[in-house]
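In what follows, a single structure is set out as C-alpha coordinates and then discussed.
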Amino acid sequence: MLGYIWHYFYSSFLRYIQKWLIRQVTGTCELQRICSGYQPGAARTTRAEYSLRSSKSKVLRGALETSKDNLGQSVDQVMKEKSIKPEKDPQFKERFHICLLQITGYGSLYASVEDLRTVTFSSDNPKHEAMLFKLWDLLMPAVKLESRITKQWGDIGFQGDDPKTDFRGMGLLGLINLVFFSENYTMEAQQVLSHANHPKLGYSYAIVGINLTEMAYSLLKSGALKPHFYNTVQGWPELQHFHQLYCYLAYEFDKFWVAEEPESIMHFNQYREKFHNIVKAHLQDPDVSLTLTVSSGN
(Lines of atoms letter the chains of each structure in order from A; the text may use other names.)
(Lines give C-alpha, C1' and ligand atoms only; values in the text may rest on other atoms or scores of the structure.)
Protein backbone atom coordinates (compact mmCIF):
# COMPACT_ATOMS: atom_id res chain seq x y z
CA MET A 677 0.00 0.00 0.00
CA LEU A 678 2.78 2.41 0.94
CA GLY A 679 4.60 1.51 -2.28
CA TYR A 680 1.52 2.35 -4.34
CA ILE A 681 1.07 5.70 -2.55
CA TRP A 682 4.74 6.58 -3.11
CA HIS A 683 4.55 5.63 -6.79
CA TYR A 684 1.43 7.77 -7.27
CA PHE A 685 2.96 10.72 -5.40
CA TYR A 686 6.21 10.46 -7.36
CA SER A 687 4.62 10.04 -10.78
CA SER A 688 2.06 12.77 -10.14
CA PHE A 689 4.20 15.42 -8.47
CA LEU A 690 7.83 14.76 -7.61
CA ARG A 691 8.86 13.51 -11.05
CA TYR A 692 7.70 16.69 -12.76
CA ILE A 693 9.37 18.91 -10.18
CA GLN A 694 12.59 16.91 -10.58
CA LYS A 695 12.44 17.20 -14.39
CA TRP A 696 11.84 20.97 -14.18
CA LEU A 697 14.79 21.49 -11.81
CA ILE A 698 17.17 19.43 -13.97
CA ARG A 699 16.09 21.32 -17.08
CA GLN A 700 16.84 24.63 -15.37
CA VAL A 701 20.32 23.40 -14.49
CA THR A 702 21.23 21.58 -17.75
CA GLY A 703 19.17 23.48 -20.29
CA THR A 704 17.96 20.18 -21.78
CA CYS A 705 14.67 18.28 -21.50
CA GLU A 706 14.34 14.67 -20.35
CA LEU A 707 14.14 13.29 -23.89
CA GLN A 708 17.38 15.07 -24.82
CA ARG A 709 19.15 13.65 -21.80
CA ILE A 710 17.88 10.16 -22.62
CA CYS A 711 18.93 10.32 -26.28
CA SER A 712 22.40 11.62 -25.43
CA GLY A 713 23.02 9.73 -22.22
CA TYR A 714 22.15 6.14 -23.15
CA GLN A 715 23.38 3.72 -25.79
CA PRO A 716 21.14 2.90 -28.78
CA GLY A 717 18.75 0.03 -28.18
CA ALA A 718 16.64 -0.93 -25.19
CA ALA A 719 18.68 1.22 -22.80
CA ARG A 720 17.62 4.34 -24.70
CA THR A 721 14.29 3.42 -26.26
CA THR A 722 12.58 2.02 -23.15
CA ARG A 723 13.37 5.23 -21.28
CA ALA A 724 12.16 7.38 -24.16
CA GLU A 725 8.95 5.37 -24.29
CA TYR A 726 8.35 5.78 -20.56
CA SER A 727 9.04 9.52 -20.81
CA LEU A 728 6.51 9.92 -23.64
CA ARG A 729 3.87 7.74 -22.01
CA SER A 730 4.06 9.51 -18.64
CA SER A 731 4.14 13.02 -20.10
CA LYS A 732 1.30 15.47 -19.45
CA SER A 733 1.68 16.76 -23.00
CA LYS A 734 -0.83 15.44 -25.55
CA VAL A 735 1.76 15.98 -28.27
CA LEU A 736 4.28 13.71 -26.56
CA ARG A 737 1.75 11.02 -25.66
CA GLY A 738 0.31 11.23 -29.18
CA ALA A 739 3.73 10.46 -30.66
CA LEU A 740 3.30 6.90 -29.41
CA GLU A 741 0.36 6.41 -31.79
CA THR A 742 2.06 7.88 -34.86
CA SER A 743 1.93 5.99 -38.15
CA LYS A 744 5.17 5.18 -39.93
CA ASP A 745 4.44 7.71 -42.68
CA ASN A 746 3.97 10.55 -40.18
CA LEU A 747 6.95 9.86 -37.93
CA GLY A 748 9.02 12.73 -39.31
CA GLN A 749 6.21 15.17 -38.67
CA SER A 750 5.70 13.78 -35.17
CA VAL A 751 9.40 14.21 -34.34
CA ASP A 752 9.22 17.83 -35.45
CA GLN A 753 6.11 18.40 -33.31
CA VAL A 754 7.83 16.95 -30.23
CA MET A 755 10.89 19.12 -30.81
CA LYS A 756 8.67 22.19 -31.13
CA GLU A 757 6.70 21.26 -28.01
CA LYS A 758 9.90 20.83 -25.97
CA SER A 759 11.69 23.82 -27.56
CA ILE A 760 14.56 21.64 -28.81
CA LYS A 761 16.74 23.60 -31.25
CA PRO A 762 18.48 21.46 -33.93
CA GLU A 763 21.50 23.76 -33.97
CA LYS A 764 22.03 23.28 -30.23
CA ASP A 765 21.42 19.50 -30.25
CA PRO A 766 22.11 18.32 -33.83
CA GLN A 767 22.01 14.58 -33.01
CA PHE A 768 18.71 14.55 -31.14
CA LYS A 769 16.40 14.39 -34.14
CA GLU A 770 17.99 11.27 -35.64
CA ARG A 771 18.29 9.49 -32.31
CA PHE A 772 14.73 10.25 -31.25
CA HIS A 773 13.43 9.27 -34.69
CA ILE A 774 14.97 5.80 -34.30
CA CYS A 775 13.42 5.46 -30.83
CA LEU A 776 10.01 6.39 -32.20
CA LEU A 777 10.45 3.96 -35.10
CA GLN A 778 11.10 1.14 -32.65
CA ILE A 779 8.29 2.08 -30.27
CA THR A 780 5.55 2.50 -32.86
CA GLY A 781 6.94 -0.36 -34.96
CA TYR A 782 6.51 -2.77 -32.07
CA GLY A 783 2.80 -2.01 -31.96
CA SER A 784 2.55 -2.44 -35.73
CA LEU A 785 4.40 -5.75 -35.52
CA TYR A 786 1.95 -7.04 -32.94
CA ALA A 787 -0.96 -6.07 -35.20
CA SER A 788 0.62 -7.94 -38.13
CA VAL A 789 1.25 -11.05 -36.02
CA GLU A 790 -2.29 -10.93 -34.69
CA ASP A 791 -3.64 -10.73 -38.24
CA LEU A 792 -1.81 -13.95 -39.17
CA ARG A 793 -2.91 -15.66 -35.98
CA THR A 794 -6.55 -15.03 -36.75
CA VAL A 795 -6.31 -16.49 -40.28
CA THR A 796 -7.72 -20.01 -40.17
CA PHE A 797 -5.76 -22.65 -42.06
CA SER A 798 -7.92 -23.81 -44.95
CA SER A 799 -7.32 -26.92 -47.01
CA ASP A 800 -9.31 -25.20 -49.77
CA ASN A 801 -6.70 -22.46 -50.01
CA PRO A 802 -3.94 -23.46 -52.48
CA LYS A 803 -1.38 -21.18 -50.77
CA HIS A 804 -2.04 -22.76 -47.39
CA GLU A 805 -1.75 -26.24 -48.84
CA ALA A 806 1.46 -25.32 -50.66
CA MET A 807 3.03 -24.17 -47.38
CA LEU A 808 2.05 -27.41 -45.69
CA PHE A 809 3.59 -29.56 -48.43
CA LYS A 810 6.68 -27.34 -48.41
CA LEU A 811 7.10 -28.04 -44.70
CA TRP A 812 7.08 -31.77 -45.39
CA ASP A 813 9.57 -31.49 -48.26
CA LEU A 814 11.97 -29.41 -46.17
CA LEU A 815 11.89 -31.73 -43.19
CA MET A 816 11.55 -35.07 -45.03
CA PRO A 817 13.25 -34.54 -48.43
CA ALA A 818 13.95 -38.23 -48.94
CA VAL A 819 10.42 -39.42 -48.14
CA LYS A 820 7.48 -39.01 -50.50
CA LEU A 821 4.16 -38.04 -48.95
CA GLU A 822 1.72 -40.80 -49.90
CA SER A 823 -1.42 -38.64 -49.79
CA ARG A 824 -2.87 -35.44 -48.32
CA ILE A 825 -4.60 -37.32 -45.51
CA THR A 826 -2.13 -39.78 -44.05
CA LYS A 827 -0.59 -41.03 -40.82
CA GLN A 828 2.77 -39.90 -42.21
CA TRP A 829 2.11 -36.41 -40.80
CA GLY A 830 2.85 -37.94 -37.42
CA ASP A 831 6.48 -38.34 -38.53
CA ILE A 832 6.94 -34.59 -38.27
CA GLY A 833 4.91 -34.27 -35.10
CA PHE A 834 1.29 -33.63 -36.07
CA GLN A 835 -1.39 -35.35 -33.98
CA GLY A 836 -3.66 -36.82 -36.61
CA ASP A 837 -3.96 -37.72 -40.26
CA ASP A 838 -4.83 -34.12 -41.23
CA PRO A 839 -2.59 -31.35 -39.85
CA LYS A 840 -5.21 -28.63 -40.39
CA THR A 841 -6.84 -29.47 -37.06
CA ASP A 842 -3.61 -28.69 -35.20
CA PHE A 843 -3.43 -25.07 -36.39
CA ARG A 844 -6.63 -23.96 -34.67
CA GLY A 845 -4.96 -22.19 -31.76
CA MET A 846 -2.40 -20.12 -33.67
CA GLY A 847 -3.96 -20.17 -37.13
CA LEU A 848 -1.72 -19.61 -40.13
CA LEU A 849 0.96 -18.07 -37.89
CA GLY A 850 1.87 -21.49 -36.53
CA LEU A 851 2.48 -22.93 -40.00
CA ILE A 852 4.40 -19.90 -41.24
CA ASN A 853 6.79 -20.13 -38.29
CA LEU A 854 7.38 -23.84 -38.87
CA VAL A 855 8.11 -23.24 -42.55
CA PHE A 856 10.33 -20.21 -41.86
CA PHE A 857 12.53 -22.22 -39.47
CA SER A 858 12.73 -25.18 -41.86
CA GLU A 859 13.49 -22.99 -44.88
CA ASN A 860 16.04 -20.65 -43.32
CA TYR A 861 17.71 -23.13 -40.95
CA THR A 862 17.12 -26.40 -42.77
CA MET A 863 19.94 -28.41 -41.20
CA GLU A 864 19.06 -27.18 -37.71
CA ALA A 865 15.35 -27.90 -38.21
CA GLN A 866 16.12 -31.45 -39.39
CA GLN A 867 18.42 -31.90 -36.41
CA VAL A 868 15.67 -30.75 -34.04
CA LEU A 869 13.23 -33.13 -35.77
CA SER A 870 15.64 -36.03 -35.25
CA HIS A 871 15.75 -35.23 -31.53
CA ALA A 872 11.95 -34.97 -31.46
CA ASN A 873 11.73 -38.48 -32.96
CA HIS A 874 14.07 -39.97 -30.36
CA PRO A 875 12.47 -43.17 -28.95
CA LYS A 876 12.97 -42.08 -25.33
CA LEU A 877 13.33 -38.28 -25.27
CA GLY A 878 11.08 -37.54 -28.22
CA TYR A 879 8.26 -35.02 -28.48
CA SER A 880 5.76 -33.96 -31.14
CA TYR A 881 7.85 -31.63 -33.31
CA ALA A 882 5.04 -29.74 -35.07
CA ILE A 883 2.75 -29.56 -32.03
CA VAL A 884 5.58 -28.24 -29.85
CA GLY A 885 6.47 -25.79 -32.61
CA ILE A 886 2.92 -24.43 -32.61
CA ASN A 887 3.07 -24.24 -28.82
CA LEU A 888 6.27 -22.19 -29.06
CA THR A 889 4.53 -19.90 -31.53
CA GLU A 890 1.95 -19.29 -28.81
CA MET A 891 4.78 -18.51 -26.38
CA ALA A 892 6.33 -16.02 -28.78
CA TYR A 893 2.92 -14.47 -29.43
CA SER A 894 2.10 -14.06 -25.73
CA LEU A 895 5.51 -12.50 -25.03
CA LEU A 896 4.98 -10.08 -27.89
CA LYS A 897 1.46 -9.20 -26.73
CA SER A 898 2.57 -8.54 -23.15
CA GLY A 899 5.38 -6.23 -24.28
CA ALA A 900 8.03 -8.54 -22.80
CA LEU A 901 9.83 -8.71 -26.17
CA LYS A 902 10.42 -4.97 -26.38
CA PRO A 903 14.00 -5.11 -25.02
CA HIS A 904 14.88 -7.84 -27.53
CA PHE A 905 13.49 -5.98 -30.54
CA TYR A 906 14.83 -2.61 -29.38
CA ASN A 907 18.31 -4.17 -29.21
CA THR A 908 18.22 -6.17 -32.43
CA VAL A 909 16.24 -3.98 -34.85
CA GLN A 910 17.50 -0.41 -35.18
CA GLY A 911 14.31 0.77 -36.81
CA TRP A 912 10.88 -0.59 -37.77
CA PRO A 913 10.51 -4.31 -36.88
CA GLU A 914 9.01 -6.52 -39.58
CA LEU A 915 7.32 -9.93 -39.50
CA GLN A 916 10.59 -11.65 -40.40
CA HIS A 917 12.04 -10.43 -37.11
CA PHE A 918 9.24 -12.17 -35.23
CA HIS A 919 9.83 -15.35 -37.24
CA GLN A 920 13.53 -15.14 -36.36
CA LEU A 921 12.59 -14.92 -32.70
CA TYR A 922 10.53 -18.08 -33.13
CA CYS A 923 13.55 -19.84 -34.65
CA TYR A 924 15.55 -18.99 -31.54
CA LEU A 925 12.83 -20.46 -29.30
CA ALA A 926 12.50 -23.62 -31.40
CA TYR A 927 16.23 -24.30 -31.41
CA GLU A 928 16.83 -23.37 -27.77
CA PHE A 929 13.83 -25.35 -26.52
CA ASP A 930 15.17 -28.46 -28.21
CA LYS A 931 18.56 -28.00 -26.51
CA PHE A 932 16.79 -27.41 -23.21
CA TRP A 933 14.58 -30.50 -23.59
CA VAL A 934 17.48 -32.79 -24.48
CA ALA A 935 19.59 -31.47 -21.59
CA GLU A 936 16.74 -31.89 -19.09
CA GLU A 937 16.02 -35.50 -20.16
CA PRO A 938 12.33 -35.55 -19.15
CA GLU A 939 10.88 -38.88 -18.14
CA SER A 940 8.15 -38.63 -20.75
CA ILE A 941 6.19 -36.24 -22.95
CA MET A 942 3.52 -36.32 -20.24
CA HIS A 943 5.63 -33.79 -18.33
CA PHE A 944 5.71 -31.37 -21.26
CA ASN A 945 3.73 -28.58 -19.58
CA GLN A 946 6.08 -28.59 -16.60
CA TYR A 947 9.18 -28.24 -18.77
CA ARG A 948 7.50 -25.81 -21.10
CA GLU A 949 6.81 -23.51 -18.15
CA LYS A 950 10.38 -23.87 -16.93
CA PHE A 951 11.70 -22.90 -20.36
CA HIS A 952 9.24 -20.00 -20.52
CA ASN A 953 10.57 -18.69 -17.21
CA ILE A 954 14.15 -18.94 -18.50
CA VAL A 955 13.21 -16.86 -21.55
CA LYS A 956 11.41 -14.28 -19.42
CA ALA A 957 14.47 -14.05 -17.17
CA HIS A 958 16.67 -13.37 -20.21
CA LEU A 959 14.28 -10.60 -21.24
CA GLN A 960 14.92 -8.82 -17.94
CA ASP A 961 18.46 -8.12 -19.14
CA PRO A 962 18.51 -4.67 -20.80
CA ASP A 963 21.14 -5.97 -23.25
CA VAL A 964 19.12 -9.05 -24.23
CA SER A 965 19.27 -10.37 -27.79
CA LEU A 966 17.46 -13.65 -28.39
CA THR A 967 19.13 -14.41 -31.69
CA LEU A 968 19.81 -17.80 -33.23
CA THR A 969 23.55 -17.66 -33.94
CA VAL A 970 24.04 -20.98 -35.75
CA SER A 971 24.82 -20.80 -39.46
CA SER A 972 21.97 -21.14 -41.93
CA GLY A 973 21.29 -24.55 -43.37
CA ASN A 974 20.88 -23.12 -46.88
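Quick note on the numbering used here: the sequence shown kicks off at 677 and runs consecutively. The C-beta atom is built at its ideal place from N, Cα and C for all residues, glycine as well. Note that the structure is predicted; figures quoted are calculated from it, not measured.
Which of the three DSSP states is assigned to residue i in this structure?
| i | result |
| --- | --- |
| I954 | helix |
| E805 | helix |
| P839 | helix |
| Q960 | coil |
| K758 | coil |
| K876 | coil |
| P738 | One point to set straight first is that residue 738 is Gly, not Pro, in the sequence displayed. Correct three-state label for G738: helix. |
| M816 | coil |
| D765 | coil |
| S965 | coil |
| Y751 | Just to set this straight, residue 751 is Val in the shown sequence, not Tyr. Reduced to three states, the DSSP call for V751 is helix. |
| E939 | coil |
| L811 | helix |
| V970 | coil |
| L648 | Since the displayed the chain opens at 677 and closes at 974, residue 648 lies outside it and no answer follows. |
| F944 | helix |
| D745 | helix |
For residue i, count neighbouring C-beta atoms within 10 Å of its own C-beta (all shown protein chains included) and say buried if the count is 16 or more, exposed if not.
| i | result |
| --- | --- |
| S898 | exposed |
| M1018 | With the chain represented from 677 up to 974, any question about residue 1018 goes unanswered, as that position is not in the structure. |
| R720 | buried |
| H904 | buried |
| F809 | exposed |
| I954 | exposed |
| V819 | exposed |
| H874 | exposed |
| D765 | buried |
| G870 | It is worth fixing the name first, because residue 870 is Ser in this sequence and not Gly. When all chains shown are included, S870 counts as exposed. |
| V964 | buried |
| Q960 | exposed |
| S798 | exposed |
Determine the extent of the alpha helix (DSSP H) in which residue i is found, giving its start and end residues.
| i | result |
| --- | --- |
| G830 | G830 -> no alpha helix (DSSP H), and no H or E assigned at all. |
| W933 | 915 to 936 |
| A787 | 768 to 793 |
| R824 | That residue, R824, is in no alpha helix (DSSP H); it is neither H nor E in DSSP. |
| G911 | Where G911 is concerned, there is no enclosing alpha helix (DSSP H), given that its DSSP letter is neither H nor E. |
| S894 | 881 to 898 |
Return yes when the C-beta of residue i is under 7 Å from any heavy atom of the ligand ZN, and no when it is not.
| i | result |
| --- | --- |
| F809 | The ligand ZN is absent from the structure shown, which contains no ligands of any kind. |
Hey, which unbroken runs of the beta strand (DSSP E) at 3 residues or more fall wholly within the region 701 to 726? Segments of the beta strand (DSSP E) lying fully in the region 701 to 726: there are none.
List, from N- to C-terminal side, the alpha helix (DSSP H) runs of 4 residues or more that fit wholly inside the region 845 to 874. Here the runs fully enclosed are 847 to 860, 862 to 872.
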